[in-house]
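Chains as they are written, first to last, in the numbering used here: chain A, 2 to 257; chain B, 2 to 257. Just so it is clear, CB atoms sit at the ideal spot from N, CA and C, and this is done for glycine as well. Take a look at the structure set out below.
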DNA sequence: ACCTCTCGTCTCGCGTGGCGGAACCGTTGT
DNA sequence: ACAACGGTTCCGCCACGCGAGACGAGAGGT
């Protein structure tokens with residue numbers, strides 16, 4: 002076998018066809034694909050027909066050429082939830098924690114709340130507890146506001162209508178101030194939270210983008226107010242954005 | 002062979018594994034997948050290893066279970082551009098044109114402008130010309146505003162800073178009014194344009210969503226002001242939204 | 001309208017590559 | 001320590017996929 006030991010040849014070829022179809026934008030013909038991969042055109046035709054049966058590729062009725070199928074898109078949607086975001090993000094979060102000496106984390110939206118999927122504690126031994134796997138409301142934490150700022154406005158309205166719990170006197174619970182805050186987050190590219198969930202607890206967060214520019218997660222830095230002072234926030238915001246961008250790149254996304 | 006005549010067995014099985022991995026959210030084990038598809042576990046293992054080689058699936062280092070890989074996501078991004086949006090949308094646009102007796106169209110964002118990818122003229126023979134393949138600025142047409150409303154705010158700021166051309170006295174060229182208009186579009190789920198590009202030309206538009214809820218295109222209805230009167234707009238907006246939702250469903254998206 | 005060039009699919013016999021039984025590890029749980 | 005379980009690897013047999021070539025359908029040139 003041309004490739005390493007234990008690959009199934011036909012499957013490997015089929016996968017190569019799939020990838021080649023992805024690279025050639027638009028459609029591609031059997032003959033062209035076969036030539037590009039060094040296959041016999043009858044082989045390519047047979048493999049493509051098999052993929053088509055499962056909807057991974059589709060064929061243009063008029064030209065007979067092939068293109069990627071809809072189910073690829075549906076698969077990708079599943080893949081994103083499944084993807085090992087945690088494993089990819091951890092090294093970057095560790096770097097960020099070392100750099101800032103604070104606790105860093107990564108969160109995603111899960112059933113209308115912020116789910117922390119990874120956390121790295123800073124060297125300062127102020128116990129903060131492990132939030133991995135736990136959920137908090139979106140409106141009162143920095144990462145939550147980053148993710149909320151990427152939702153459709155209709156979603157935000159729905160959440161507000163359902164009621165926002167007030168945790169401290171600084172928690173934003175009214176619609177108008179919240180919309181203004183989210184607009185500010187979008188404009189600046191990062192969010193802050195100054196004692197909005199718990200007095201004395203501050204945070205900064207920045208968005209992680211996928212290949213299409215959609216926000217899929219948020220990187221945050223948080224710590225006690227006496228260390229994470231307002232004057233440090235601009236600097237921390239830059240670092241959070243850099244880390245978020247690095248993670249974006251590693252999952253195949255645009256850093257934008 | 003169990004399936005129809007001319008499929009490549011191993012490829013078909015590999016494709017089935019891929020789909021099965023998509024259906025089981027999160028990861029899935031070799032044994033479980035093999036049982037679900039009626040395969041021998043050694044076969045499943047071999048096929049999965051082959052898919053992994055191409056990055057279509059990845060394997061968790063700790064548990065040994067498999068999940069969908071990153072390249073699926075990258076493929077899907079290509080697939081969306083490749084996808085036969087036009088072919089899928091056309092029948093729906095035709096229905097809409099028959100229903101409303103107006104001209105209907107479908108547009109996407111292409112290099113920061115609105116690209117019309119499909120158009121169906123209504124039965125009323127007021128010549129409007131074929132816009133297929135042509136581009137217009139985003140800020141002054143209904144579909145453009147729908148698509149703009151889905152952009153990151155930073156993008157909108159960049160466009161405004163670059164300058165918005167004023168075509169009529171109704172064209173929105175200032176930042177603040179534009180942001181308010183886009184917020185209105187998001188809230189209502191549709192956009193209008195009343196003589197903002199050309200006096201006497203009105204339009205309504207609604208967003209088409211993909212599987213992840215991201216806005217990828219806009220359906221519009223447009224016509225001369227004397228027919229497309231303000232009082233007809235609510236009714237047309239509903240129809241535009243229904244058509245957009247129908248297209249969303251047909252490309253595997255959520256109607257939301 | 002003709003021929004010709006190209007492209008995708010189908011047929012078919014050959015021989016190799018994939019299948020599945022079973023053995024082999026590494027982990028987990030009791 | 002043992003058993004149970006899940007993923008990988010080995011190996012021999014035979015079916016299954018491969019590739020040469022034929023076939024039919026368009027497209028385009030003269």
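DSSP places residue 118 of chain B outside any alpha helix (DSSP H); the residue lies instead in the beta strand (DSSP E), whose first and last residues are 114 to 121.
Around the beta-carbon of residue 110 of chain B, 16 or more other beta-carbon atoms lie within 10 Å, marking it buried.
Per DSSP, residue 105 of chain B is one residue of the beta strand (DSSP E) stretching across 104 to 111. For residue 215 of chain A and residue 149 of chain A, the gap between their C-alpha atoms comes out near 12 Å. Residue 81 of chain A has a beta carbon lying within less than 9 Å of a beta carbon in chain B.
Contact between the stretch 190 to 200 of chain A and the stretch 131 to 144 of chain A is present: three or more C-beta pairs spanning the two stretches fall below 8 Å.
At a cut-off of 9 Å between C-beta atoms, residue 70 of chain B counts as an interface residue with respect to chain A. Straight across, the Cα-Cα distance linking residue 212 of chain A with residue 152 of chain B is about 15 Å. 47, 48, 50, 51, 52, 54, 55, 57: these are the residues of the stretch 37 to 59 of chain A whose beta carbon lies less than 7 Å from some beta carbon of chain B, given in chain order. Comparing alpha-carbon positions, the option among B/168, B/221, B/105, B/136 lying closest to residue 206 of chain B turns out to be B/221. Between residue 252 of chain A and chain B, the shortest Cβ-Cβ separation is below 9 Å. In this structure residue 16 of chain A is in contact with residue 52 of chain B, their Cβ atoms being roughly 6 Å apart against a cut-off of 8 Å. Against chain A, the CB of residue 173 of chain B has no partner CB under 9 Å away; the residue lies outside that interface. Rounded to whole angstroms, residue 203 of chain B and residue 103 of chain B show a C-alpha spacing of 11 Å. Within the stretch 195 to 251 of chain B, the complete alpha helix (DSSP H) segments at least 4 residues long are 234 to 251, listed from N- to C-terminus. The distance from the Cβ of residue 233 of chain B to that of residue 26 of chain A is about 40 Å, inconsistent with a contact at the 8 Å cut-off. DSSP, reduced to helix, strand and coil, places residue 192 of chain B within a strand of the structure shown. Bridge partners of residue 69 of chain B according to DSSP: B/58. The continuous alpha helix (DSSP H) containing residue 95 of chain A extends over residues 86 to 101. For residue 17 of chain B, the enclosing alpha helix (DSSP H) starts and ends at 10 to 24. The way I'd put it, the stretch 234 to 244 of chain B does touch the stretch 85 to 101 of chain B; three or more beta-carbon pairs between them come closer than 8 Å. Assignment of residue 167 of chain B by DSSP, reduced to helix, strand and coil, places it in the coil class. When secondary structure is reduced to three states using DSSP, residue 32 of chain A falls in the helix class. Within chain A, the residues placing a beta-carbon under 8 Å from that of residue 73 of chain B are 73, 76, 77, 80, ordered along the chain. The Cβ neighbour count for residue 11 of chain B, taken over all protein chains shown within 10 Å, is at least 16; the residue is labelled buried. Relative to residue 158 of chain A, the option among A/181, A/170, A/172 whose CA is nearest is A/181. By the neighbour-count criterion, in which a residue is buried when 16 or more other Cβ atoms sit within 10 angstroms of its Cβ, residue 47 of chain A is buried. Short of 7 Å from the beta carbon of residue 176 of chain B, and not among the five residues preceding or following it, lie these beta carbons of its own chain, in chain order: 161.
Look at residue 61 of chain A: its C-beta is under 9 Å from a C-beta on chain B. If you compare the alpha carbons of B/252, B/76, B/20 with that of residue 209 of chain B, the shortest gap goes to B/252. According to DSSP, residue 136 of chain A shares a beta bridge with A/116. For residue 143 of chain A, the uninterrupted alpha helix (DSSP H) run begins and ends at 143 to 149, by DSSP. Distance check between residue 189 of chain A and each of A/200, A/171, A/239 places A/239 closest, using alpha-carbon atoms only.
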